[in-house]
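Colleague: Just passing along the structure, written as structure tokens.
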Ligand code: 3PG
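In the working numbering, the protein residues as written are 9 to 224.
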């Protein structure tokens, strides 16, 4: 955190090698899941705004799991930014880049990891002062080869590739000098969530924390 006690996007990315992308439908489940991930060493949690219960789940984690740092994912509008900030989200992740979402995050004092998949989107984000970006959908849009190509013209940008990232390919991405962390849903399998198998989720988080990365 900086002097004002607020997180930067870089700090969100640096906390662990993986930011879990989470879909939640139940507040009690949200709290148990957040505790399971924190026990495994993962504190930065991206709860996607994809279910009617997502905001209530963010609120529950922010209130009841102080060791976690809960953020909102799938943020697509200024209204989403305002709603997730009100619910207690500490950072925002978006699947694409718009000036309106970036401005709303600045207004709400919320660090933003916006999604980009082209050079033009990277340049738009840079024009708004953002240099820590999510590459989405990473594996579908070019994967490691794309990140290597971007390291020339966009050598000052640091990425969090997300989309199609798994325990099997995360290491290759994290070895790249312009990748600070990756995002993915593999730490929170739907069947483990449904079964309340928190030990499995803690074990997946522990494995994720062990992943080596090159960038800082
Ligand atoms: C998403 O938006 O669902 C994330 O990118 C996660 O993708 P994944 O399920 O491929 O990890």
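Using N, Cα and C, we set each Cβ at its ideal position, and we do this for glycine too. As the structure is a computational prediction, the values presented were derived from the model and not from experiment.
#1: What do you get for residue 222, buried or exposed, if any count of 16 or more other CB atoms within 10 angstroms of its CB means buried?
#2: Does the ligand 3PG have even one heavy atom less than 7 Å from the beta-carbon of residue 152?
#3: Is DSSP giving residue 210 helix, strand or coil here?
#4: Among the residues of its own chain, which have a CB less than 6 Å from the CB of residue 218, if the five just before and after it don't count?
#5: I'd like to confirm the pairing. Which residues does DSSP put opposite residue 75 in its beta bridges?
#6: Taking the runs of the alpha helix (DSSP H) that are 4 residues or longer, which of them lie wholly in the region 95-142?
#7: On the criterion of 16 or more Cβ atoms from any shown chain inside 10 Å, does residue 135 qualify as buried, or is it exposed?
#8: Once DSSP output is grouped into helix, strand and coil, what is the label at residue 165?
#9: Would you check if the region 41-61 and the region 20-31 touch, i.e. whether three or more CB-CB distances between them fall below 8 Å?
#10: Would you give the residue range spanned by the beta strand (DSSP E) that residue 195 belongs to?
Modeller: For this structure:
#1: Stepping through the chain shown from its first residue, residue 222 is reached at position 214. With fewer than 16 Cβ atoms within 10 Å of its Cβ, residue 222 is classed as exposed.
#2: By 1-based counting over the chain shown, the position of residue 152 is 144. For the ligand 3PG, not one heavy atom lies less than 7 Å from the Cβ of residue 152.
#3: In the chain shown, the residue the question calls residue 210 occupies position 202. DSSP places residue 210 in the helix class (H, G or I) of the three-state scheme.
#4: Taking the chain shown and counting its residues from 1, the one referred to as residue 218 is at position 210. Correct list: empty, nothing qualifies.
#5: Your numbering for residue 75 matches position 67 in the chain shown. As DSSP reads the structure, residue 75 sits in no beta bridge.
#6: Within the region 95-142, the complete alpha helix (DSSP H) runs of at least 4 residues fall at 107-116 and 127-135.
#7: Position 127 of the chain shown, counted from the start, is the residue given in the question as residue 135. Taking all protein chains shown into account, residue 135 has fewer than 16 neighbouring C-beta atoms within 10 Å of its C-beta and is therefore exposed.
#8: Taking the first residue of the chain shown as 1, we reach residue 165 at position 157. The DSSP-derived three-state label of residue 165 is coil.
#9: Counting Cβ pairs under 8 Å, three or more are found: they touch.
#10: Locating residue 195 in the chain shown gives position 187, counting from the first residue. Segment: none, residue 195 is in no beta strand (DSSP E) and carries neither H nor E.
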